[in-house]
Amino acid sequence: MKARTAVHLYLGVEQLGYLGHLSCLGREPRLSTARGTLGHLRGLRHGEPAKSLNAVVKGLPNPSPSFTTTQVSEISNHDGAICTMGIGCTTGGDRGLLDFLSVTVGLQGEANVVWADAVNQNVVDGTSSALIAFNRQTAGASLYANVGQVSGLAPASGSASGSPDAFYSADGTTTAASTNLVIQSTSVTMPDSKHYRFSITVQDLSTLAASATLGGTDAVWLVRWEVPDPNGAGHTYFAAMESDGGAAPSFFDGETSSINTTHGKFLTYPPAHTIQASYLATSPGTITLTVPVADVGGNSKATLYSITGLTVTQGTASSIGDTIFNQIDATRPFDFTP
């Protein structure tokens, strides 16, 4: 059985954001009567803003506005219970969603949506460990009548370009990235049914050394992606090249872990398997990572969502397991369907 319920409302500017609930087979949705908690509501959730173009008519509130809804997350962003009581979540609910779901209006009247994305296995003490995700409306009606229709880039598939900005930001200052940490593009193919092949093209790979002024001398060039689970939270996998102090690199893949105290505080990317890979020490340079499907879920037919190429710096090696990294550059996210 599947049922949809608006379970959490946030007021925007002529927009509402809510969490749509899809109860999974064998999971009966039940609302708790405890104040501020949805601790007994089980199932998969999606962020869905609702938009009205007639909430105000001739300067006056419309008592009967019409709304349209759009699912902004391609896959469910949360599985299981929710608690909205902050640090007072003692009823068994998951506080991982926090209050990160928000809708703001962009310069062209488009919806900009932020939500907590917990497509991973990093549940600690009953609470998920979410990334903060962002989505922007690229088509459809604008909230501004003089704009009419919103236009933007179509969703990327198979590959995506890097960001125009690459820098280290800390303590109120920013430092421009060295050219070996500036990503030009990332792509993925399947050379056969048992492997993915990821390519990261970087502005200059003639040296792998990272300056300490960029947050650490250990540098990582990483690709991460999400694979949903229709019966659970899903998985975030990754593949990477790492060089400590400019030394010969290592190549690995794995699944996210987290730095924990009472709950997960920061996602990490510890090596799980050594993989076949190479890089060209040229300008531009290309990193090629060959990832066995068996290492990352085992389903060669699975769609890979929100694939993102990243460069990061850190103070210690990824194998330490508790390294907090500094993101330097990132590509636009894209999907891949075999």
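Using my numbering, read the sequence shown as starting at 467 and increasing by one per residue.
Glycine is no exception: its CB is placed at the ideal position from the N, C-alpha and C atoms.
Keep in mind it's a predicted model, so treat the numbers as computed, not measured.
- In terms of Cα proximity to GLY711, the closest of ALA577, ASN646, ALA743, THR734 is ASN646.
- Taking C-alpha positions only, ALA622 is separated from LEU688 by approximately 18 angstroms.
- Contact annotation, VAL693 with ALA706: C-beta distance approximately 17 angstroms; criterion of less than 8 angstroms not satisfied.
- A direct Cα-Cα distance of roughly 47 angstroms separates PRO736 from VAL613.
- In this structure LYS731 is exposed. Its beta-carbon is surrounded by fewer than 16 other beta-carbon atoms within 10 angstroms.
- Secondary structure note for TYR662: its beta strand (DSSP E) is the uninterrupted segment 661-668.
- Our two residues, THR748 and SER651, have alpha carbons roughly 15 angstroms apart in a direct line.
- In the three-state DSSP reduction, ILE649 falls in the strand class (E or B).
- With a 10 Å radius around the Cβ and a threshold of 16 neighbouring Cβ atoms, GLY624 comes out exposed.
- Using a Cβ-Cβ distance cut-off of 8 angstroms, the stretch 756-765 and the stretch 665-674 are not in contact, since fewer than three pairs of beta carbons, one from each stretch, lie closer than that value.
- With contacts defined as CB atoms closer than 8 angstroms, LEU567 and LEU733 fail to qualify as a contacting pair.
- Counted as a single uninterrupted DSSP element, the beta strand (DSSP E) harbouring ALA582 occupies residues 577-583.
- DSSP places ALA760 in the helix class (H, G or I) of the three-state scheme.
- An exposed status is given to GLY638, since fewer than 16 other beta-carbon atoms sit within 10 Å of its beta-carbon.
- When the Cα atoms are used, ASP684 and THR640 turn out to be separated by approximately 19 angstroms.
- With 16 or more neighbouring CB atoms inside 10 Å of its own CB, ALA632 falls in the buried class.
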